[in-house]
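In my numbering, the protein residues as written are 70 to 821.
Using N, Cα and C, we set each Cβ at its ideal position, and we do this for glycine too.
Computed from a prediction, not measured in an experiment: that's the story for all the values here.
So the structure is just underneath, and the comments pick up after that.
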């Protein structure tokens, strides 16, 4: 018994001595990484490898040890050494053999951007190395082939199908995650098998292929078999990778028909006499290209459109819209610099493959970033960190800023550090195709539409990354904020810290879905104390933080961050804390505050066509005049918000001027100014002694020449069309007294 313990102790001591005497001991990193690889494997299985490595780089710098035999780098010098001209001897690790197709035996990996990584077939008679295999199809991914009339026409047809899908929704919200992955699937399959590509945007059978390829992948299950191959036969079914029979059969059928495909397609090239490939090998290759093409393009576009749709990025979307709507049909995509900058910035901020690209150090070892790295060591760089930790090239790295790619200063460094497609001869083979698909779709969408995050979306666009595999899906938050019913709130007190609390206003806030209308009237003067309206965006739930955008603001504070933290008081009221400009003090200094809010029960109100009280918020933007003088674009517009929850109605209107100009730093700046706000608040009062109820005006601040719509002015106490389905669907356009309004939010409220 003692001999077993002694042998175990000796073994541990020998292992520790070997680890601690390793040349890698001098490298920065936590102690545990010099002793065992269990911790990095744990991060892989928990889908946290990317963020874990990034946090280590934040703590230890551009070089960090991940395990006894693995090192991560972020510098340009390391990228060039490992992946570019100096990296010809850095072989790929066994990680790339995780994704065998059709039960084949694989030995190497090719496409830097593949999720079901394309691997080389090997048997006793044929062994194809990476360079040999890449030569089989590299010409198909050249710009010359992609720019062929037939190739471009196919992408344009699929983009047009995507646009039609959006138009068919008639103003309601669109699940772009599914549609974008359908678009990517249709593009890549036409590229490979034309005229036999899929039509998943219009055919339900092909849509099932997209679902199978997009939702059925799990790296963790593949990792289990990779790290514990002897135990795989004993794994329960739920731990085994899900099969994809529909897409497998589709690819096999297309390969069988391959010689009838168009000459410029991938399948025709792979079936050529010079390649001597069996059909099963060609099918495996095509399956990998298909899976890779779906996720990278679909995920990249999904994140990009989500980012463009954020309220704080509306100026980016406006500039993109202005550029692409001006072009003619024959304008080259190369002549759209801002479109190119938007795509590069999205790929920098959220590269479709943000994970590491591991390689083995060649025989004899190498010097990387001043450290001697012995042969056989696994080395890598991950785009997510490369794009964030080189702040001289990418200042404010977590900010979405396409303008950085238009600045001449530092352009060379930015381009050399752009690592979304890896780099060098072994970089992403499909880069040209992916970029062309993205450019054509974004041009066609943003020349016709403006996008925003739908009010009914109760989550965020998370980057959900397995240890190595990336999906940018629209997911629900782990603790989502729900808005089951609309709410009416009034302010109980305001306290400018450290002064005592007070309340000088009669305040009403209508919150419906992700929008709000807030009117605060001075109790003593009857004037507007503050009138604001816009979106309410849940930043977090623990603690509860809500960001309020100011689309309309009587104080003119359009750019200030209005972020409130909410907590419950013992009596059920809400305490909001934060900081904001103090308008009653000269200079409006940013001041800490506390506000107490009380939720009101809406009074009874008659409802047209339903037994439930309605709650809605509408917005109108009337663009009155545009001018462009001396490089300054000026737009004059009138914004109006109408909101109603059961028995309370509020209307706000403001004339605004939006100026866009190039600042001294070369960056485009947008400034907004607003004029006085006109306001109307009305309440429904139930009639006495059997008399019918009616709307009455509680506050009105307006002039006859520009009066606001009011329910008290309607003969039957409702706006025309208010009882139709159009008012119940966010995004629809409705008519109010001859003016067009967009339905921003609609819910059924509570009865008192």
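Check	Outcome
Between which residues of its own chain and residue 712 is the CB-CB distance below 6 Å, once the five residues before and five after are set aside?	579, 586, 686, 719
What's the call for residue 746, buried or exposed, on a 16-neighbour Cβ count within 10 Å?	buried
What residue from 489, 406, 477 has the CA that sits closest to residue 415's CA?	489
Using 8 Å as the threshold, is the segment 389-396 in touch with the segment 274-283, meaning 3 or more CB pairs across them?	no
Would the beta-carbon of residue 466 fall within 9 Å of that of residue 458?	yes
In chain order, which continuous runs of the alpha helix (DSSP H) of length 4 or greater are located wholly inside the segment 84-160?	100-104, 107-114, 118-129, 145-152
Do the CB positions of residue 638 and residue 644 come within less than 9 Å of each other?	yes
Measuring only the C-alpha atoms, how far is residue 691 from residue 796?	20 Å
What does residue 205 pair with, by DSSP beta-bridge criteria?	None, per the DSSP bridge assignment.
Where residue 605 and residue 380 are concerned, what is the direct C-alpha to C-alpha distance, given to the nearest angstrom?	10 Å
Taking 9 Å as the cut-off, decide whether the C-beta atoms of residue 162 and residue 450 are in contact.	no
Just to confirm my understanding: we take residue 809, look at its own chain, exclude 5 residues before and 5 after, and list those with CB closer than 8 Å. What are they?	689, 802, 803
Let me confirm a value: residue 481 is counted as buried when at least 16 other C-beta atoms fall within 10 Å, else exposed. Which label applies?	exposed
What span of residues does the beta strand (DSSP E) with residue 645 cover, start to end?	643-650
Report yes if the C-beta distance between residue 777 and residue 754 is below 9 Å; otherwise report no.	no
With residue 697 as the anchor, note down where its beta strand (DSSP E) starts and where it stops.	683-698
Taking just the CA atoms, how far does residue 716 sit from residue 698?	47 Å
Does the Cβ of residue 264 have 16 or more other Cβ atoms within 10 Å, making it buried, or fewer, making it exposed?	exposed
For residue 679, collect the residues of the same chain with a Cβ closer than 6 Å to its Cβ; drop the 5 residues on either side in sequence, then sort them by chain order.	At residue 679, the pLDDT of 45 sits below 50, so the modelled position is not reliable and the matter cannot be decided from this model.
To the nearest whole angstrom, what separates the beta carbons of residue 660 and residue 93, a pair I think is in contact under 8 Å?	That belief does not hold up - the Cβ atoms of residue 660 and residue 93 are roughly 53 Å apart, past 8 Å.
Grab the span of the beta strand (DSSP E) containing residue 351 for me, first residue to last.	Unbroken run through residue 351 is the alpha helix (DSSP H), 348-377; no beta strand (DSSP E).
I need the boundaries of the alpha helix (DSSP H) containing residue 480, first residue and last residue.	480-486
So, at 8 Å on beta carbons, what are the nonlocal neighbours of residue 145 in its own chain, with the 5 sequence-adjacent residues on each side left out?	459, 482, 485, 486
DSSP state of residue 503, grouped into three classes?	helix
Would you report the Cα separation of residue 256 and residue 337, rounded to the nearest angstrom?	17 Å
Note down the Cα distance separating residue 437 from residue 147, rounded to an integer number of angstroms.	6 Å
Report buried or exposed for residue 620, applying the criterion of at least 16 other Cβ atoms within 10 angstroms of its Cβ.	buried
Tell me which residue opens and which closes the beta strand (DSSP E) that residue 590 is part of.	584-591
Measure the C-alpha to C-alpha separation of residue 269 and residue 323 and round it to an integer number of angstroms.	16 Å
Give me the Cα-Cα distance between residue 762 and residue 756, rounded to the nearest whole angstrom.	4 Å
Is the beta carbon of residue 109 less than 9 Å from the beta carbon of residue 119?	no
Closest by CA to residue 432, which one among 441, 121, 771?	441
From residue 722 to residue 626, what distance separates their C-alpha atoms?	16 Å
Rounded to whole angstroms, what's the CA-CA distance from residue 560 to residue 729? Just pull it up for me.	36 Å
Taking DSSP as the reference, what is the three-state secondary structure of residue 833?	Outside the shown range of the chain, which is 70 to 821, sits residue 833, and nothing can be said about it.
May I ask you to list the residues that DSSP assigns as paired with residue 603?	585
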